[in-house]
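Trainee: I'd like to ask some things about the structure below.
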Amino acid sequence: EPEVTQTPSHQVTQMGQEVILRCVPISNHLYFYWYRQILGQKVEFLVSFYNNEISEKSEIFDDQFSVERPDGSNFTLKIRSTKLEDSAMYFCASTRGLAGETQYFGPGTRLLVL
Amino acid sequence: GIQVEQSPPDLILQEGANSTLRCNFSDSVNNLQWFHQNPWGQLINLFYIPSGTKQNGRLSATTVATERYSLLYISSSQTTDSGVYFCAVERQTGGFKTIFGAGTRLFVKA
Numbered sequence: 005e006p007e008v009t010q011t012p013s014h015q016v017t018q019m020g021q022e023v024i025l026r027c028v029p030i031s032n033h034l035y036f037y038w039y040r041q042i043l044g045q046k047v048e049f050l051v052s053f054y055n056n057e058i059s060e061k062s063e064i065f066d067d068q069f070s071v072e073r074p075d076g077s078n079f080t081l082k083i084r085s086t087k088l089e090d091s092a093m094y095f096c097a098s099t100r101g102l103a104g105e106t107q108y109f110g111p112g113t114r115l116l117v118l
Numbered sequence: 004g005i006q007v008e009q010s011p012p013d014l015i016l017q018e019g020a021n022s023t024l025r026c027n028f029s030d031s032v033n034n035l036q037w038f039h040q041n042p043w044g045q046l047i048n049l050f051y052i053p054s055g056t057k058q059n060g061r062l063s064a065t066t067v068a069t070e071r072y073s074l075l076y077i078s079s080s081q082t083t084d085s086g087v088y089f090c091a092v093e094r095q096t097g098g099f100k101t102i103f104g105a106g107t108r109l110f111v112k113a
């Protein structure tokens with residue numbers, strides 16, 4: 005069964021460094037999402053992406069974040085200058101189409117900022 | 004923005020018991036999903052259920068969109084059911100934005 009994949013599974017970085025989290029959505033899916041989950045807390049929406057542009061973003065998704073679909077398969081989240089509070093699990097998700105269909109989640113990338 | 008409230012926040016069950024988890028949401032939504040987050044952190048789809056009732060084995064879910072709530076039923080619980088159960092609603096405001104509830108943490112004792 006097709007699945008969403010994410011790399012790396014874990015990343016440790018120093019405060020102020022840039023990180024790029026990678027996701028490969030399910031191949032025929034068109035709508036992509038990034039979420040984060042701080043340890044022990046709920047899952048928070050960051051951004052949705054469709055047709056090579058941001059569809060919706062939350063107040064968390066400020067100027068230090070950006071997303072890109074650099075080729076036909078990858079979907080990336082870049083954090084320009086990491087802060088301690090960016091430490092979290094980051095999940096990517098995808099759906100087949102526009103109208104709020106089932107979201108399939110990747111296994112997540114656990115980011116630790118020191 | 005839309006509020007999603009889940010209850011109870013924590014639940015301890017004896018293996019074999021049944022339970023009902025509730026999700027209330029404050030406004031109309033385009034989509035509602037239930038997820039199980041296992042102890043390894045994976046988010047597993049349980050149901051896509053914007054309205055109506057669905058069943059999958061020992062699990063079933065009902066969403067009453069007009070009254071803005073959804074219920075997840077777990078019957079004959081097993082230790083592997085332990086984890087956190089999240090309700091997530093999706094609302095179109097221009098694009099689609101997903102709001103998760105705080106979750107119900109379930110522990111099933113052997």
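From first to last, the protein sequence lines stand for chains A and B. Counting in this note's numbering, the first sequence runs without a single skipped number right up to 118 at its last residue. Counting in this note's numbering, the second sequence runs without a single skipped number right up to 113 at its last residue. From the three backbone atoms N, C-alpha and C, an ideal C-beta is built for every residue, glycine too. Model, not experiment: these values are computed from the prediction.
(1) Between L74 of chain B and chain A, is there a C-beta pair that is closer than 8 Å?
(2) Considering just the uninterrupted stretch of the beta strand (DSSP E) at K61 of chain A, what are its terminal residues?
(3) F110 of chain B and I47 of chain B look like a contact to me (Cβ under 8 Å); what is the Cβ gap, rounded to whole Å?
(4) Determine the closest residue to G110 of chain A out of A:N32, A:R26, A:V16 and A:Q21, with distance taken between C-alpha atoms.
(5) Given this structure, state the Cα-to-Cα distance separating V67 of chain B from S73 of chain B, to the nearest angstrom.
(6) So if DSSP puts W43 of chain B in a beta bridge, which residue, or which two residues, is it bridged to?
(7) With distances taken from CA atoms, which of B:Q6, B:R25, B:G19 and B:G4 is nearest R108 of chain B?
(8) Taking the straight line between their C-alpha atoms, what separation do you get for S85 of chain B and T99 of chain A?
(9) Buried or exposed, going by whether 16 or more other CB atoms sit within 10 Å of the CB of R61 of chain B?
(10) Per DSSP, what kind of secondary structure is E70 of chain B in: helix, strand or coil?
(11) Should the segment 27–43 of chain B be regarded as contacting the segment 82–98 of chain A, the criterion being three or more beta carbon pairs within less than 8 Å?
(12) According to a CB-to-CB cut-off of less than 8 Å, which residues of the segment 93–108 of chain B neighbour chain A?
(13) Using the three-state DSSP reduction, which class does E18 of chain B fall into: helix, strand or coil?
(14) Using three-state DSSP, classify T82 of chain B as helix, strand or coil.
(15) The beta strand (DSSP E) spanning K46 of chain A covers which residue range?
(16) How should Q107 of chain A be labelled, buried or exposed, when 16 other C-beta atoms within 10 angstroms of its C-beta is the threshold for buried?
(17) For the putative contact between T96 of chain B and E60 of chain A, defined by C-beta atoms under 8 Å, what is the C-beta separation to the nearest angstrom?
(18) Measuring straight from C-alpha to C-alpha, what distance separates E8 of chain B and I30 of chain A?
(19) I think V47 of chain A touches V71 of chain A, with their Cβ atoms under 8 Å apart; what is that distance to the nearest whole Å?
(20) Which residues in chain A sit within 7 Å of G44 of chain B, going by Cβ to Cβ distance?
(21) Am I right that T113 of chain A and G20 of chain A are in contact with their C-beta atoms under 8 Å? What's the rounded C-beta distance?
(22) Below 9 Å on C-beta distance, what does F89 of chain B contact in chain A?
(23) Compute the minimum distance between the beta carbon of T23 of chain B and the heavy atoms of the ligand SAH, and state whether it is under 7 Å.
Mentor: The answer reads as follows:
(1) no
(2) E57 to K61
(3) Wrong, their Cβ atoms sit about 17 Å apart, outside the cutoff.
(4) A:R26
(5) 6 Å
(6) Looking at the DSSP assignment, W43 of chain B forms no beta bridge with any residue, so it has no partner.
(7) B:R25
(8) 27 Å
(9) exposed
(10) Of the three classes helix, strand and coil, the one that applies to E70 of chain B here is helix, per DSSP.
(11) no
(12) E93, Q95, T96, G97, G98, F99, K100, T101, I102, F103, G104, A105 and G106
(13) coil
(14) helix
(15) Run containing K46 of chain A: none; DSSP gives neither H nor E here.
(16) For Q107 of chain A, the number of other beta carbons within 10 angstroms of its own is at least 16, and it is reported as buried.
(17) Yes, T96 of chain B and E60 of chain A are in contact; Cβ-Cβ is about 7 Å, under 8 Å.
(18) If you draw a straight line from the Cα of E8 of chain B to the Cα of I30 of chain A, it comes to about 30 Å.
(19) About 17 Å; that fails the 8 Å criterion.
(20) Neighbours of G44 of chain B on chain A, chain order: M93 and G112.
(21) Their Cβ separation, rounded to whole angstroms, is 19 Å, which puts T113 of chain A and G20 of chain A out of contact at 8 Å.
(22) K46 and V47
(23) No copy of the ligand SAH occurs in the structure displayed, which carries no ligand at all.
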